[in-house]
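Chains E and V, in that order, are what the protein sequence lines are. Counting from 8, one number per residue, gives the positions in the first sequence under my numbering. Counting from 8, one number per residue, gives the positions in the second sequence under my numbering. Idealized CB from N, CA, C, for every residue including glycine. Because the structure is a prediction, the values reported are computed rather than measured. Read the structure below first, then the notes.
There are 2 protein chains.
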Amino acid sequence: MRTPDRPTIADVAATAGVGTGTVSRVLNGGVNVRESTRLKVLEVIKRLGYRPSHLAAALSRGSARTVAILVPHLTRPSTVARLAGALAVLDEQRYDTIVCNVDTREQRDHHLAALTARHRADGVIVVSIYLDKQHLEAFHRGAIPLVTVDAVAAGVPQTIIDDMAGGRLATAHLLELGHRRIGFVGDAIPRGEPDLGFTSSRRRLLGYRRELAAAGIDPDPELVRLGPHGPAVAAELADQLLRLPDPPTAIFAASDTQAMGVLSAAERRGFPVPGKLSVVGFDDIESAALLNLSTVRQPLEHSGGEGARRLCALLHGAKVRPIRQQLPLRIVRRSSSARPGLDLPGGGPSHLFAADASRMPDERGRSRSHAFRRVSDIRLGGQNACRMEWVA
Amino acid sequence: MRTPDRPTIADVAATAGVGTGTVSRVLNGGVNVRESTRLKVLEVIKRLGYRPSHLAAALSRGSARTVAILVPHLTRPSTVARLAGALAVLDEQRYDTIVCNVDTREQRDHHLAALTARHRADGVIVVSIYLDKQHLEAFHRGAIPLVTVDAVAAGVPQTIIDDMAGGRLATAHLLELGHRRIGFVGDAIPRGEPDLGFTSSRRRLLGYRRELAAAGIDPDPELVRLGPHGPAVAAELADQLLRLPDPPTAIFAASDTQAMGVLSAAERRGFPVPGKLSVVGFDDIESAALLNLSTVRQPLEHSGGEGARRLCALLHGAKVRPIRQQLPLRIVRRSSSARPGLDLPGGGPSHLFAADASRMPDERGRSRSHAFRRVSDIRLGGQNACRMEWVA
DNA sequence: ATCCAGATTGGAATCGTTTCCAAAAGGGCG
DNA sequence: CGCCCTTTTGGAAACGATTCCAATCTGGAT
Numbered sequence: 008m009r010t011p012d013r014p015t016i017a018d019v020a021a022t023a024g025v026g027t028g029t030v031s032r033v034l035n036g037g038v039n040v041r042e043s044t045r046l047k048v049l050e051v052i053k054r055l056g057y058r059p060s061h062l063a064a065a066l067s068r069g070s071a072r073t074v075a076i077l078v079p080h081l082t083r084p085s086t087v088a089r090l091a092g093a094l095a096v097l098d099e100q101r102y103d104t105i106v107c108n109v110d111t112r113e114q115r116d117h118h119l120a121a122l123t124a125r126h127r128a129d130g131v132i133v134v135s136i137y138l139d140k141q142h143l144e145a146f147h148r149g150a151i152p153l154v155t156v157d158a159v160a161a162g163v164p165q166t167i168i169d170d171m172a173g174g175r176l177a178t179a180h181l182l183e184l185g186h187r188r189i190g191f192v193g194d195a196i197p198r199g200e201p202d203l204g205f206t207s208s209r210r211r212l213l214g215y216r217r218e219l220a221a222a223g224i225d226p227d228p229e230l231v232r233l234g235p236h237g238p239a240v241a242a243e244l245a246d247q248l249l250r251l252p253d254p255p256t257a258i259f260a261a262s263d264t265q266a267m268g269v270l271s272a273a274e275r276r277g278f279p280v281p282g283k284l285s286v287v288g289f290d291d292i293e294s295a296a297l298l299n300l301s302t303v304r305q306p307l308e309h310s311g312g313e314g315a316r317r318l319c320a321l322l323h324g325a326k327v328r329p330i331r332q333q334l335p336l337r338i339v340r341r342s343s344s345a346r347p348g349l350d351l352p353g354g355g356p357s358h359l360f361a362a363d364a365s366r367m368p369d370e371r372g373r374s375r376s377h378a379f380r381r382v383s384d385i386r387l388g389g390q391n392a393c394r395m396e397w398v399a
Numbered sequence: 008m009r010t011p012d013r014p015t016i017a018d019v020a021a022t023a024g025v026g027t028g029t030v031s032r033v034l035n036g037g038v039n040v041r042e043s044t045r046l047k048v049l050e051v052i053k054r055l056g057y058r059p060s061h062l063a064a065a066l067s068r069g070s071a072r073t074v075a076i077l078v079p080h081l082t083r084p085s086t087v088a089r090l091a092g093a094l095a096v097l098d099e100q101r102y103d104t105i106v107c108n109v110d111t112r113e114q115r116d117h118h119l120a121a122l123t124a125r126h127r128a129d130g131v132i133v134v135s136i137y138l139d140k141q142h143l144e145a146f147h148r149g150a151i152p153l154v155t156v157d158a159v160a161a162g163v164p165q166t167i168i169d170d171m172a173g174g175r176l177a178t179a180h181l182l183e184l185g186h187r188r189i190g191f192v193g194d195a196i197p198r199g200e201p202d203l204g205f206t207s208s209r210r211r212l213l214g215y216r217r218e219l220a221a222a223g224i225d226p227d228p229e230l231v232r233l234g235p236h237g238p239a240v241a242a243e244l245a246d247q248l249l250r251l252p253d254p255p256t257a258i259f260a261a262s263d264t265q266a267m268g269v270l271s272a273a274e275r276r277g278f279p280v281p282g283k284l285s286v287v288g289f290d291d292i293e294s295a296a297l298l299n300l301s302t303v304r305q306p307l308e309h310s311g312g313e314g315a316r317r318l319c320a321l322l323h324g325a326k327v328r329p330i331r332q333q334l335p336l337r338i339v340r341r342s343s344s345a346r347p348g349l350d351l352p353g354g355g356p357s358h359l360f361a362a363d364a365s366r367m368p369d370e371r372g373r374s375r376s377h378a379f380r381r382v383s384d385i386r387l388g389g390q391n392a393c394r395m396e397w398v399a
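Next comes the structure, spelled out in structure tokens:
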């Protein structure tokens, strides 16, 4: 097509008056190549503008050093955190990563089919997506290295958390504060629109129920509201709870995103948080700290990293130690939860944003306290501005 | 290595008693193949568990149908939105997408070098990252199709917004409400830690200054505070502004993320929003709607999609129409901004979450109003729960 | 039966590397 | 100078598809 076809390694070899093997050796490591030859070849490479074909190299070498990662609902903060964690590890291990975002079953099946029907990635990481027998069978038949994150799958190395225990943690926290009427807001599959097989909300609900039962509290079905994932729906569900004749004094939301919806509803209904309503979320995404949301922390970024690490091990031919790797959970107490009946006269200040924001974790998830120092009045665009700088 | 080496197209051909060409034809489209032969070949393929090598096919065909996308700070909501937009289009166009996350200059240069030194992707999308002369030269030399999103680059198809105009929009909105003392909170490069060349905050600041000047307002350098990106820093910067003897009545933050920090600081300092302080952000990320943050909306997801679309056009050999494609901005008025001096006795309710959350855009960014209907008391985990369903 | 156009088919050439092996070139030493 | 052991080197043989061309089949028309 192109008039001057891209130069190949043969062109380089011919021009430099050496063999293709020598050029290849110069390109990869350059062992056992005389320095003078090396320089000559490099010079020709630069002169011809030669760029090796990754494809050809990969084919010949037998591996493209490429993995694929399948994530659902890329825009959710928890998904992004996991993806970022995986990418960091894969990057470090020099793997290229093909990202497949999946919002529907069709997309899921299409990507899974593409990944299993042809050999395009050395291995696959599946995040938060339920794989049924047939999916697993396809991977097995193709002998495609597979790990999952936040999803159980028989015989597949998996990095998960105990959602049920997490549900208990959150509920126990509220019980310990003295709450007896505790609501739950979580996910349900929209009718006729089958989901991707998330089970976490369901299992968190189970934990909530177990913990209530253990405390000898009669479950009230009215207090459990489920709907499609997202803050808007969660707000509406919470609003229904708050309009009950005998509203709950606390709500456990199956995710921080939903907890934000709950906070929103509380604000609208005039339920000061935590004065008249305590709220606990799940995940500990970045905004949770910003909003001072009490929550169950799970190591999101780390889970992605672990999945990636384990896939790499698999690709190296190593056996992955515990097939099921379970990451720890812990409750993070912030100011959205407190003893019930603390309602101050006049409503009191809303809890939102109320705590010391300078102690929030920064964007990378590392928690550290910040101090500022005025560095200089710098000139910027012809005007002055105060520029501040971190002090560790 | 593996005992039974993966079967190749030759194995299939031999087993089925046909030529490799026929097998290839069956695999791709199956034109001009007798139905009986087709079935026989398919049977053998299934029986042998044959999976075509994407690598070999790509090498032979001459293209891997793979593009790479370089994004900075993957975890930022605005970045994710852009990435999701691009992925959706590339997916539809049947391209595999290699995602490269970049947090430092070293990572940027490493990925750019890897992408330009070898032929691994058919084309590249660079998001929000400044490319200098040498980077561009490398792409040019290699004749690698390149587009940028949210970044200007000479001669490269680019999808951008007018940040300066955006800065003016936000400021004009506040001026129109009657504010005169308007603060600015934005990004500055941390000392000794050069950034990736973001210029948007700087240009928004410029717009802020121009608009103030146009209104005949003397710029007060004290009112402009810059620091590393992130809500925590923004909160501290805003706090400094609010502690001034003559604090601003409004603050324009260079991004919604930073605006959230500003809201946090306002809450802590006891400045009700919008009663005593108006806040305007930039981007219109999802949480902006949830927090009722007035902001300058830019089409984030769409920008990624456009970048992808334009890259595809480039790969098809088409000329991309306007080299510089500029997407529209508009101010979104929510309840974080109002006329100054509206402070109600007793502080009044905080604006946060105050509006009708059920009219928030849902997760996919489509705005629609929701209604709920109680569908059934379903049994879930042996207990009852209320399950709600959308009504369009 | 013969012929011919069009539908099938086989298989060699090709894509651009890596890798292996044998050959050539060095180099140290007696 | 010759010998032997290292380096260094050239080039053919993979890697596993696609593609093209020529050869072989079809089946209907004559």
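If you look at residue 146 of chain V, you'll find it in the alpha helix (DSSP H) that goes 140-149. Judged by pairs of C-beta atoms under 8 Å, the segment 177-189 of chain E does not touch the segment 231-241 of chain E, as fewer than three such pairs exist.
With fewer than 16 neighbouring CB atoms inside 10 Å of its own CB, residue 70 of chain V falls in the exposed class. Here residue 224 of chain E is not near residue 331 of chain E, since their CB atoms are 8 Å or more apart. At a cut-off of 8 Å between beta-carbon atoms, residue 31 of chain V makes no contact with chain E.
Straight-line measurement puts the Cα of residue 95 of chain V at about 10 Å from the Cα of residue 101 of chain V. Only residues of its own chain outside the window of five on either side were considered, and among them 191 have a CB closer than 6 Å to the CB of residue 231 of chain V, listed in chain order. Taking a contact as a CB-CB distance under 8 Å, the pair residue 300 of chain E and residue 288 of chain E counts as one, their CB atoms being some 5 Å apart. Residue 248 of chain V is not a Cβ neighbour of residue 193 of chain V, given a cutoff of 8 Å. When rounded, the separation of the alpha-carbon atoms in residue 140 of chain E and residue 40 of chain V is 33 Å. Excluding five sequence positions before and after residue 156 of chain E, the CB atoms of its chain that fall closer than 8 Å to its own CB belong to 89, 93, 132, 133, 134, 135, 165, 166, 167, 310, 311, 313, 314, given in chain order.
The Cβ atoms of residue 284 of chain E and residue 256 of chain E lie closer than 8 Å to each other. Within 8 Å of the CB of residue 88 of chain E, the CB atoms of chain V belong to 82, in sequence order along the chain. Within the DSSP secondary-structure output, residue 205 of chain V pairs in no beta bridge. The straight-line gap separating the alpha-carbon atoms of residue 98 of chain V and residue 220 of chain V is approximately 46 Å. By the neighbour-count criterion, in which a residue is buried when 16 or more other Cβ atoms sit within 10 angstroms of its Cβ, residue 111 of chain V is exposed.
In the assembly as shown, residue 67 of chain E is an exposed residue. Its beta-carbon has fewer than 16 other beta-carbons within 10 Å. Within chain V, the residues 81, 82, 108 have their CB atoms less than 8 Å from the CB of residue 91 of chain E, given in chain order. Look at the segment 33-67 of chain V: the residues with a C-beta under 7 Å from a C-beta of chain E are 56, 58, 59, 60, 61, 62, 63, 65, 66. Residue 73 of chain E is positioned such that its CB atom lies no closer than 8 Å to that of residue 51 of chain E. Between residue 161 of chain E and residue 176 of chain E, the gap from beta carbon to beta carbon reaches 8 Å or more. In the three-state reduction of the DSSP assignment, residue 317 of chain E falls in the helix class, which pools H, G and I. A Cβ-Cβ distance of about 6 Å is found for the pair residue 108 of chain V and residue 91 of chain E, placing them in contact under the 8 Å criterion.
In chain order, 142 place their CB closer than 6 Å to the CB of residue 119 of chain E, counting only its own chain and leaving out the 5 sequence neighbours on each side. A distance below 8 Å between beta-carbons, with the five flanking residues on each side excluded, links residue 270 of chain E to the following residues of its chain, in chain order: 280, 286, 298, 300, 343, 359.
Around the beta carbon of residue 253 of chain E, a 10 Å sphere encloses fewer than 16 other beta carbons of the protein chains shown; the residue is thus reported as exposed. For residue 188 of chain V, no chain E residue has a C-beta closer than 9 Å to its own C-beta; the minimum C-beta separation is roughly 15 Å. Taking CB atoms only, residue 127 of chain E has a neighbour in chain V less than 8 Å away.
Residue 288 of chain E is bridged by DSSP to E/302. In chain order, 297 make up the part of chain E whose C-beta sits under 7 Å from the C-beta of residue 267 of chain V. For residue 52 of chain E, the enclosing alpha helix (DSSP H) covers residues 42-55. Using a Cβ-Cβ distance cut-off of 8 Å, the segment 44-61 of chain V and the segment 11-20 of chain V are in contact, since at least three pairs of beta carbons, one from each stretch, lie closer than that value. Between residue 65 of chain E and residue 212 of chain V, the beta carbon gap of about 46 Å keeps them out of contact (Cβ cut-off 8 Å).
Rounded to whole angstroms, the Cβ separation of residue 87 of chain V and residue 81 of chain E is 7 Å, and the two are in contact under 8 Å. DSSP assignment within the segment 51-127 of chain V yields the following whole alpha helix (DSSP H) runs of 4 residues or more, N-terminal first: 61-68, 84-99, 112-124.
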